[in-house]
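Asks: Each residue of the sequence shown is one higher than the last, beginning at 430 in this note's numbering. No residue lacks a Cβ here, since even glycine has one placed at the ideal position from N, Cα and C. Predicted model, so just to flag it, every value in this text is computed and none were measured. Pasting in a structure now, in structure tokens, and then I'll have a few things to ask.
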Amino acid sequence: MDDTQQVASAAEIQGTLERCVHQRQRYYQRLSAFAIRFEEDNTGAEQDLPNFKSLVRALGIDSVEECVLLASDRTPGWTIMSKIREHLLDGLQKCLDPQFGRYLVIIHYSGHGAYGPQQGLWFNANPQSKPSFTFNTLTEAVSIHSQQSDVSMDAVFIIDSCEAGSAGLTVRVDGTFELLAAVPEQKTAFGTSAGQNQKRTFTAKLANAAAIAQGKARSVDFAELLDSAYSLSSAKFPVHKLLSGSVSIRVKFPCRAHANLPQPPAPLPLSMKVPTKVLFSCHFLEDPASEATKKLRFWIELLDPDIGLQVTGVFQTESTVLILLAPYTVFCTIRTLPGITLIAGRASTPQTPATTTEESVLTTTPRQPDRQENKPPYKQSLHYTTIEKDLGHEH
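Quick look at the structure:
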């Protein structure tokens, strides 16, 4: 790379990685789940509730508070604000001292949705129903209480509706607000108004991904779950947005006996792959022998192995090339810097709850290092296939 403006500095790379590591080490002392639907909904939202319960149960949340907006409710937005306020106050009251960790609320909506230039994304019982509430109502309700509490708060919004990807943030937020949307803006989520196939809904796919991940990992973040849901569908393309914050929210799985693991709500195709780690290169300005490069490598080597960040090689070309093996969502964050290139992704194919087979998936052909010890630590029996569709799409 002759143009030094196309690569980052070692300090910029380290700073971005530090933000990723900090968020991956966050501890949540309290998690809660809140589901919303309209009583007069005709999309099958009521039948989708078990899928949401299965999803959050895998994350250690044993109960879901359900808010059903009645047909007689003329101001559903006010009702939502009041119900979320009560839910958050109850959750915050159950938190211990702020030093023990943060509070995470997961809010789910399934049903009709539409987008308007003035109100943004909004929801109603059916296209002919006038009473409605906006996505901004949800974010404002959480934002108000997060700013007034001494316990730091994050939120995940799972929106399974038409045009869900158009959701945005209009309020000040201190924590991380993350959106998982069934479809991009200007896209419909349901083929008919007679109801969804509940084994194929966006929420069901997330629940499937969580059940698989729980059988093979200590923790998972929501970008990983969404990427897994994406691999289950070629017809609808979900959207991941960090409305605020820089790294996807990571949740540790509860310690449970294997027999008690939640079962996926729908049959799992054997071809489904859940990305775990990827291999990528970082081009930066400093020489391999520079103090900045040494500092970056030393910092990575001192990290807790559970974080999953590993240097597999450093090479000198027109610029310095650092080869890293890291969790997929670390790559999703750092790839916003110039000079970051995906080399390969590792994925696990589920077989049974007791056994999984890990294979390495090659997306591009990496330059082979001169010395054997610098080669990426892959097993000789691994089979290589292309997954640019699964790992290379934008979140």
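Would residue 458 and residue 524 qualify as a contact pair, given that the criterion is a beta-carbon distance under 8 Å?
Replies: yes
Asks: Could you check how far apart the C-beta atoms of residue 592 and residue 544 are, in whole angstroms? I think they sit under 8 Å.
Replies: 4 Å
Asks: Is residue 443 near residue 754, with beta carbons less than 8 Å apart?
Replies: no
Asks: Express the C-alpha separation of residue 577 and residue 643 in angstroms, rounding to a whole number.
Replies: 34 Å
Asks: Taking residue 719 as part of the alpha helix (DSSP H), name the residues at either end of that continuous run.
Replies: Per DSSP, residue 719 belongs to no alpha helix (DSSP H) and is neither H nor E.
Asks: Measure the C-alpha to C-alpha separation of residue 713 and residue 741 and round it to an integer number of angstroms.
Replies: 16 Å
Asks: Tell me which residues share the same chain as residue 600 and place their Cβ nearer than 6 Å to its Cβ, disregarding the 5 neighbours each side in the sequence.
Replies: Closer than 6 Å at the Cβ level, and outside the excluded window around residue 600, lie 568, 569, 572.
Asks: For residue 499, name the three-state secondary structure that DSSP assigns.
Replies: coil
Asks: Hey, which unbroken runs of the beta strand (DSSP E) at 3 residues or more fall wholly within the stretch 479-552?
Replies: 494-498, 531-539, 541-545
Asks: List the residues that DSSP assigns as beta-bridge partners of residue 672.
Replies: Per DSSP, none; premise fails for residue 672.
Asks: Please state if the CB of residue 445 and the CB of residue 509 are separated by a distance shorter than 8 Å.
Replies: no
Asks: Please check the pair residue 527 and residue 580, which I expect to be a contact at CB under 8 Å, by giving their CB distance rounded to whole angstroms.
Replies: About 5 Å separates the Cβ atoms of residue 527 and residue 580, confirming a contact at the 8 Å cut-off.
Asks: Where residue 651 and residue 449 are concerned, what is the direct C-alpha to C-alpha distance, given to the nearest angstrom?
Replies: 14 Å
Asks: By alpha-carbon positions, which one of 478, 479, 487 ends up nearest to residue 680?
Replies: The option with the nearest alpha carbon to residue 680 is 487.
Asks: Is it buried or exposed for residue 589, if we count other Cβ within 10 angstroms and need 16 for buried?
Replies: buried
Asks: From residue 476 to residue 633, what does the alpha carbon distance come to, in whole angstroms?
Replies: 11 Å
Asks: I'd like to confirm the pairing. Which residues does DSSP put opposite residue 609 in its beta bridges?
Replies: According to DSSP, residue 609 bridges with 587, 669.
Asks: So does the stretch 455-474 actually touch the stretch 756-770, counting three or more Cβ pairs closer than 8 Å?
Replies: no
Asks: Give me the residue from 465, 456, 439, 479 with the minimum Cα distance to residue 635.
Replies: Closest option to residue 635, Cα to Cα, is 479.
Asks: Quick one: is residue 532 buried, meaning 16 or more other Cβ sit within 10 Å of its Cβ, or exposed?
Replies: Counting the other CB atoms within 10 Å of its CB gives residue 532 a total of 16 or more, which places it among the buried residues.
Asks: With H, G and I counted as helix, E and B as strand and the rest as coil, what does DSSP make of residue 578?
Replies: coil
Asks: Here's a check: name, in chain order, each residue in its chain whose Cβ is nearer than 7 Å to the Cβ of residue 561, leaving out the five neighbours to either side.
Replies: 505, 551, 552, 553
Asks: Could you give the distance in angstroms between the alpha-carbon of residue 530 and the alpha-carbon of residue 557?
Replies: When the Cα atoms are used, residue 530 and residue 557 turn out to be separated by approximately 44 Å.
Asks: Could you tell me the boundaries of the alpha helix (DSSP H) in which residue 631 lies?
Replies: 631-643
Asks: Whose C-alpha, out of 709, 640, 574, is nearest the C-alpha of residue 738?
Replies: Of the listed residues, the one whose Cα sits closest to residue 738 is 709.
Asks: Output the boundary residues of the alpha helix (DSSP H) element that contains residue 758.
Replies: 757-763
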